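Engineer: Residue numbers (our numbering), protein chains in the order written: chain Y, 1 to 348; chain E, 349 to 638.
Every residue gets a Cβ at the ideal spot worked out from N, C-alpha and C, and that includes glycine.
Because the structure is a prediction, the values reported are computed rather than measured.
Before we start, here is the structure in question, set down as structure tokens.
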């Protein structure tokens, strides 16, 4: 039996951009799927197809057991959507916004009023309830937007980058709300660019790139797939980089990658803390001063980079440490997003 | 923020039998109309400008052009003033088009249309609610403008006897025309990318439509081909109907059918515009993507 959210071979093209290129998804009831990918990967397009906003060119999608294409209105009764932008009317007060959404979910106006009061309280907006949303901070707007998506306690929720642009405190607050929702039995599909967010919230993760799911599994599965641990060393002086790279090469199971501007060296290893101790002794013995050293388990960042093919570029930098091109994976991904601005536009 | 302690998630109930599809559509439209009226009340300067603009036109046309435009063989400023008002009224109601377009484009831009489209609400309600709210605003503008017109010297019954019923009928036709045009605005708003484009896109085409007509000058003095367009212009039909109903001077003697039967022509044109543009706009809304 298909899960609460199910998609089969979804395809959506905008001109010659294949925003979705055959996406399959299956989210069991009461679980969270994190859709992880860079800008323009097709995350938003997938959400728009599943929430009846966009007709896929081909493929099939079921939400809460209902065919999205054949029974869109029934699907709409079962879903809540919190989009990439806080979709609230800024001239209406928080209370008016929630009442309006409640009424449009076909609640009676008294019930919509009562529900608005509850939600304002839950989302700590009671004090601002009767102020126009225009006067709200970014975090408050996001909360109001999420509250609007929860007016009817829908069994299936979609959140498109719910914490993009939020400060850490507000992000933490939203995470708590989301965890509360899921513990209540809601099925959630969440898109995010933040690996940490997927790690925190999602039971399963689907990594999306170029409109395709390129990997799926739990956070641990994906980390295991990237391979084992690595030793990371930050040397104190830049002129020690070459010597340190040579030493690390002797212990490593692969190429040493060197980030020249941060004086950071990384090498995949097997052998754990015992090996780390040896490495430290060796470096120390040759008079190489270290600012930081440690054994690192792969993060989802590593997973993502290895899956999307950037790991090979990192390996290149090992042979040419002076190359200096964006060793910071985040910077690289931002640049990548820009290259594909066109697809991003289509995606939104 | 307290943890969410909702009851077990449940889908929204389907509309109850007594409500029915039409009832739901009316109810949803009213909810959206109310939302737009609240917005308007919080941005009073919008209404203020909507009123100032036609008042400015009245004053400028009356005092700048008033003495030099010939209407029905007369160049009396008094005649022109009484001739002009129906034209200004009609132009004013059509300018509401730009507001509707800009409002809807803004809703798309801000993601509100996405939110509405993900809700189990009647399909046309977002647009109907908007056009109904605009109709309320147009009524207010028109009422203020009528008072200004009376102050500067407009006298219903100036050329032909009329009655209160006929005058109100004229205003009814004006509001219907305005309502019809907001559907054109809705379609423009859904078709352009930004609210700014909707504002200018909503206005540019209104100038030829309102000027190649009998609104500001006697169309019988235009070049024949232009006169032909003016006589069949839907906008002219309403202006001619208003002049007839208000008892204003300068009623066109053209033999074109809309000029001979202006009240019917005005009704038919307006209903046709609503039917065509509502269908197009609702279809566009269903697939609208910001």
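What is the residue span of the alpha helix (DSSP H) that residue 410(E) lies within?
Structural biologist: Translated into the one-based positions of the second chain, residue 410(E) becomes position 62. It is not in any alpha helix (DSSP H) - residue 410(E) carries neither H nor E in the DSSP assignment.
Engineer: How should residue 10(Y) be labelled, buried or exposed, when 16 other C-beta atoms within 10 angstroms of its C-beta is the threshold for buried?
Structural biologist: Counted from its first residue, the first chain places residue 10(Y) at position 10. Buried: at least 16 other Cβ atoms inside 10 Å.
Engineer: Would you check if the segment 477-494 of chain E and the segment 108-120 of chain Y touch, i.e. whether three or more CB-CB distances between them fall below 8 Å?
Structural biologist: The answer is no - the segment 477-494 of chain E does not touch the segment 108-120 of chain Y, with fewer than three Cβ pairs under 8 Å.
Engineer: Can the beta-carbon of residue 376(E) be found closer than 8 Å to that of residue 87(Y)?
Structural biologist: Taking the first residue of the second chain as position 1, residue 376(E) is located at position 28. Taking the first residue of the first chain as position 1, residue 87(Y) is located at position 87. No. Outside cutoff.
Engineer: Could you give the C-beta distance for residue 379(E) and residue 104(Y), rounded to a whole number, given that I count them as a contact under 8 Å?
Structural biologist: Mapped onto the second chain, residue 379(E) falls at position 31. Mapped onto the first chain, residue 104(Y) falls at position 104. Indeed they touch by this definition, with Cβ atoms about 6 Å apart.
Engineer: Residues in the same chain with beta-carbon distance under 6 Å from residue 134(Y), minus the five sequence neighbours each way, listed in chain order, please.
Structural biologist: As a working mapping, residue 134(Y) is identified with position 134 in the first chain. Hits under 6 Å: 90.
Engineer: Cutting at 7 Å between CB atoms, please list the residues of its own chain near residue 445(E), excluding the five before and the five after it.
Structural biologist: Start at 1 with the first residue of the second chain, and residue 445(E) comes out as number 97. Correct list, in chain order: 529, 530, 532, 533, 550, 554.
Engineer: Can you pull the chain E residues whose beta carbon is under 7 Å from the beta carbon of residue 136(Y), in chain order?
Structural biologist: Locating residue 136(Y) in the first chain gives position 136, counting from the first residue. What residue 136(Y) touches in chain E: nothing, since even the nearest Cβ is about 14 Å away.
Engineer: Does any residue of chain E bring its CB to less than 8 Å from the CB of residue 100(Y)?
Structural biologist: The residue you call residue 100(Y) lines up with position 100 of the first chain. So yes, residue 100(Y) belongs to the interface.
Engineer: Going by beta carbon distance, what residues of the same chain come within less than 6 Å of residue 101(Y), once the five residues before and after it are set aside?
Structural biologist: To locate residue 101(Y), count along the first chain from 1; it is residue 101. Once the five neighbours on either side are set aside, the close Cβ partners of residue 101(Y) are 148, 151.
Engineer: On a CA-only basis, which of 537(E), 494(E), 424(E) is nearest residue 450(E)? Give me that one, please.
Structural biologist: Residue numbering aside, residue 450(E) sits at position 102 when the second chain is read from its first letter. Selected option, being the one with the closest Cα: 537(E).
Engineer: Listing by chain order, which chain E residues have their CB less than 9 Å from the CB of residue 51(Y)?
Structural biologist: Taking the first chain and counting its residues from 1, one reaches residue 51(Y) at position 51. Those within 9 Å of residue 51(Y) in chain E are 462, 465, 466.
Engineer: So is residue 566(E) in contact with chain A if we call contact Cβ pairs under 8 Å?
Structural biologist: No chain A is present in this structure, whose protein chains are Y and E.
Engineer: Tell me whether residue 353(Y) sits in a helix, a strand or coil according to DSSP, three-state version.
Structural biologist: No statement about residue 353(Y) is possible, as the shown extent of chain Y runs from 1 to 348 and does not include it.
Engineer: Should residue 4(Y) be flagged as near chain E, meaning a C-beta pair shorter than 8 Å?
Structural biologist: Position 4 of the first chain holds residue 4(Y). By this cut-off, residue 4(Y) is not an interface position.
Engineer: Given that residue 541(E) touches chain Y, what residues does it touch there, using C-beta distances under 7 Å?
Structural biologist: Here residue 541(E) refers to the residue found at position 193 when the second chain is read from its first residue. Near residue 541(E) there are no residues of chain Y at all, since even the closest Cβ is about 10 Å away, more than 7 Å.
Engineer: Look at the alpha carbon of residue 611(E) and the alpha carbon of residue 619(E), and state the distance between them as a whole number of angstroms.
Structural biologist: In the second chain, counting from the first residue as 1, residue 611(E) sits at position 263. In the second chain, counting from the first residue as 1, residue 619(E) sits at position 271. Distance between the alpha carbons of residue 611(E) and residue 619(E) is about 12 Å.
Engineer: Is there a Cβ of chain E sitting closer than 8 Å to that of residue 28(Y), yes or no?
Structural biologist: The sequence position of residue 28(Y) within the first chain is 28, counting from 1. Chain E contact via Cβ: absent.
Engineer: Can you find a C-beta in chain E that's less than 8 Å from the C-beta of residue 77(Y)?
Structural biologist: The count along the first chain starts at 1 and reaches residue 77(Y) at position 77. Answer yes: the Cβ-Cβ gap between residue 77(Y) and chain E drops below 8 Å somewhere.
Engineer: Name, in chain order, the residues that DSSP records as bridge partners for residue 66(Y).
Structural biologist: By one-based count along the first chain, residue 66(Y) stands at place 66. Residue 66(Y) pairs with 63(Y).
Engineer: Taking only three categories from DSSP, how would you classify residue 541(E)?
Structural biologist: The sequence position of residue 541(E) within the second chain is 193, counting from 1. If DSSP states are grouped into helix, strand and coil, residue 541(E) belongs with coil.
Engineer: Would residue 358(Y) and residue 78(Y) qualify as a contact pair, given that the criterion is a beta-carbon distance under 8 Å?
Structural biologist: This structure cannot settle anything about residue 358(Y), because the visible part of chain Y is limited to 1 through 348.
Engineer: When the cut-off is 8 Å and only beta carbons count, does residue 243(Y) lie next to chain E?
Structural biologist: Counting from 1 along the first chain, the entry for residue 243(Y) is found at position 243. Cβ-Cβ to chain E under 8 Å: no for residue 243(Y).
Engineer: Of all the CB atoms in chain Y, is at least one closer than 8 Å to the CB of residue 340(E)?
Structural biologist: Coverage of chain E is limited to positions 349 through 638, which leaves residue 340(E) absent and any answer about it impossible.
Engineer: For the segment 507-563 of chain E, list the alpha helix (DSSP H) runs that are entirely contained and at least 4 residues long, ordered along the chain.
Structural biologist: Taking only runs of at least 4 residues, the alpha helix (DSSP H) segments lying wholly in the segment 507-563 of chain E are 512-539, 543-552, 554-559.
Engineer: Would you give the residue range spanned by the alpha helix (DSSP H) that residue 460(E) belongs to?
Structural biologist: The sequence position of residue 460(E) within the second chain is 112, counting from 1. 460-465 is the extent of the alpha helix (DSSP H) around residue 460(E).
Engineer: For the ligand FMN, is there a heavy atom less than 7 Å away from the beta-carbon of residue 254(Y)?
Structural biologist: Looking for the ligand FMN in the displayed structure turns up nothing, as the structure carries no ligands at all.
Engineer: Is the Cβ-Cβ distance between residue 291(Y) and residue 231(Y) less than 8 Å?
Structural biologist: On the first chain, residue 291(Y) is found 291 positions in, with the first residue counted as 1. On the first chain, residue 231(Y) is found 231 positions in, with the first residue counted as 1. For residue 291(Y) and residue 231(Y), no; Cβs fall outside 8 Å.
Engineer: For residue 20(Y) and residue 72(Y), which I take to be in contact (beta-carbon distance under 8 Å), what is that distance rounded to the nearest angstrom?
Structural biologist: The residue given as residue 20(Y) occupies position 20 in the first chain. The residue given as residue 72(Y) occupies position 72 in the first chain. Rounded, the Cβ-Cβ distance is 18 Å, inconsistent with contact.
Engineer: With residue 232(Y) as the anchor, note down where its beta strand (DSSP E) starts and where it stops.
Structural biologist: Indexing the first chain from 1 puts residue 232(Y) at position 232. From DSSP, the beta strand (DSSP E) with residue 232(Y) extends over 230-235.
Engineer: Classify residue 205(Y) as helix, strand or coil using the three-state DSSP reduction.
Structural biologist: Counting from one through the first chain, the residue named residue 205(Y) turns up at place 205. Residue 205(Y): strand per DSSP, three-state reduction.
Engineer: Considering only DSSP beta bridges, list what residue 21(Y) is partnered with.
Structural biologist: Position 21 of the first chain, counted from the start, is the residue given in the question as residue 21(Y). 11(Y), per the DSSP bridge assignment.
Engineer: Tell me, please, which residues DSSP counts as bridged to residue 158(Y).
Structural biologist: What you label residue 158(Y) is simply residue 158 of the first chain in a count that begins at 1. BP columns for residue 158(Y) point to 81(Y), 189(Y).
Engineer: Short of 7 Å Cβ to Cβ, which residues in the segment 382-408 of chain E face chain Y?
Structural biologist: Under the 7 Å Cβ criterion, the segment 382-408 of chain E contributes 383, 386, 387, 390, 391.
Engineer: With 8 Å set as the bound, which would you pick, yes or no: does the beta-carbon of residue 83(Y) sit closer than that to a beta-carbon of chain E?
Structural biologist: Working through the first chain from its first residue, we reach residue 83(Y) at position 83. Yes - at least one Cβ of chain E is within 8 Å of the one on residue 83(Y).
Engineer: Tell me, please, which residues DSSP counts as bridged to residue 266(Y).
Structural biologist: The residue you call residue 266(Y) lines up with position 266 of the first chain. Residue 266(Y) is bridged to 232(Y), 257(Y).
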